[in-house]
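Below: the structure, in structure tokens.
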């Protein structure tokens, strides 16, 4: 049974207030994923504080990096079911978990952070992990 | 901000590897762990040697991206448990 939307709203806003685009429907997800140019990140948000409580601040910290994805969006597992299922269809090679994070380059998944690499770690640790991935995949090519 | 889970084992909510004294190994999200055993949610299990993979192969592969669940909930009896380890602490294969 989904949690009370009023309780979940602050968890959504932890990401949306820093400019992360919230995808509430499958068509929202398809529209976001249609643009395959450059880099994009999709955060599968969730309620459980065991992992998501550190995932959201970790993402916020990582997005303060100079090098970061061109576009960032989020779906909320257990709340926006169609949007979450659709988002997962774009990284269906990975077992579903939430929270989790997928990084795309030119429409293909280049990095995936499953739940078990988030839970039990602090926000800074996740931020460092993501920043390394951003450096690897989102930095402009050096000529 | 998150949810709270009072009265559960410290590993509640954490994805763990439960190795048994026999040939089976389980990976799932720990719900609770007490004298009766370990309760896992969204769990997978592997039999040593199945599909040509040892327990160690299976665990190392799971450490990269997680597991596809076979069970919504499974209880591994305490008498069968050999070890319980965080999957996130396992070096990926």
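Residue numbers (the numbering used here), protein chains in the order written: chain Y, 1 to 143; chain H, 1001 to 1093.
Think of the CB as a built atom: it goes at the ideal place given N, C-alpha and C, for glycine as much as any other residue.
This one's a predicted model, so the numbers in the text were calculated from it and none came from an experiment.
Distance, residue j Cα to residue i Cα
i	j	result
residue 1002 of chain H	residue 1048 of chain H	For residue 1002 of chain H, the pLDDT reaches just 41, beneath the cut-off of 50, and the residue's location in the model is therefore unreliable, although a value from the coordinates is still provided. The alpha-carbon atoms of residue 1002 of chain H and residue 1048 of chain H are separated by roughly 37 Å.
residue 48 of chain Y	residue 1054 of chain H	32 Å
residue 18 of chain Y	residue 60 of chain Y	7 Å
residue 1043 of chain H	residue 39 of chain Y	33 Å
residue 4 of chain Y	residue 1051 of chain H	43 Å
residue 1077 of chain H	residue 1062 of chain H	22 Å
residue 141 of chain Y	residue 67 of chain Y	12 Å
residue 37 of chain Y	residue 106 of chain Y	5 Å
residue 127 of chain Y	residue 57 of chain Y	8 Å
residue 1037 of chain H	residue 120 of chain Y	22 Å
residue 136 of chain Y	residue 8 of chain Y	33 Å
residue 35 of chain Y	residue 92 of chain Y	18 Å
residue 1068 of chain H	residue 87 of chain Y	17 Å
residue 31 of chain Y	residue 64 of chain Y	25 Å
residue 102 of chain Y	residue 1009 of chain H	30 Å
residue 82 of chain Y	residue 10 of chain Y	21 Å
Cβ-based neighbour list, residue i, same chain, cut-off 7 Å, excluding 5 preceding and 5 following
i	result
residue 1080 of chain H	1020, 1021 and 1022
residue 123 of chain Y	54, 57, 58 and 61
residue 1087 of chain H	1015, 1016, 1017, 1027, 1062 and 1063
residue 1058 of chain H	1025 and 1046
residue 115 of chain Y	51, 97, 98, 99 and 100
is_contact[residue i, chain Y] using C-beta, thresh 9 Å
i	result
residue 1001 of chain H	Note that residue 1001 of chain H scores 38 on pLDDT, short of 50, meaning its location in the model is unreliable and no value can be drawn from it.
residue 1020 of chain H	no
residue 1015 of chain H	yes
residue 1046 of chain H	no
residue 1043 of chain H	no
residue 1087 of chain H	yes
residue 1053 of chain H	no
residue 1063 of chain H	yes
residue 1009 of chain H	no
Same chain, Cβ closer than 6 Å to residue i, neighbours up to 5 away in sequence not counted
i	result
residue 1083 of chain H	1019
residue 77 of chain Y	44, 46, 84 and 98
First through last residue of the beta strand (DSSP E) which encompasses residue i
i	result
residue 1046 of chain H	1037-1047
residue 1016 of chain H	1015-1020
residue 1026 of chain H	1024-1034
Closer than 9 Å to chain H by CB, residue i
i	result
residue 140 of chain Y	no
residue 119 of chain Y	yes
residue 78 of chain Y	no
residue 87 of chain Y	no
residue 129 of chain Y	no
residue 133 of chain Y	no
residue 51 of chain Y	yes
residue 60 of chain Y	no
residue 116 of chain Y	yes
Element boundaries [alpha helix (DSSP H), containing residue i]
i	result
residue 84 of chain Y	81-89
residue 131 of chain Y	123-137
residue 1083 of chain H	Unbroken run through residue 1083 of chain H is the beta strand (DSSP E), 1081-1086; no alpha helix (DSSP H).
residue 1077 of chain H	Run containing residue 1077 of chain H: none in the alpha helix (DSSP H); it sits in the beta strand (DSSP E), 1071-1077.
Opposing strand residues paired with residue i [DSSP bridges]
i	result
residue 40 of chain Y	Y/71 and Y/104
residue 11 of chain Y	Beta-bridge pairing links residue 11 of chain Y to no other residue.
residue 112 of chain Y	Y/102
Residue i: contacting residues in chain B (beta-carbon distance under 8 Å)
i	result
residue 1067 of chain H	This model lacks chain B altogether; the protein chains it does include are Y and H.
Contacts around residue i, its chain only, beta-carbon distance under 8 Å, and the 5 residues preceding and following it disregarded
i	result
residue 26 of chain Y	82, 83, 85 and 86
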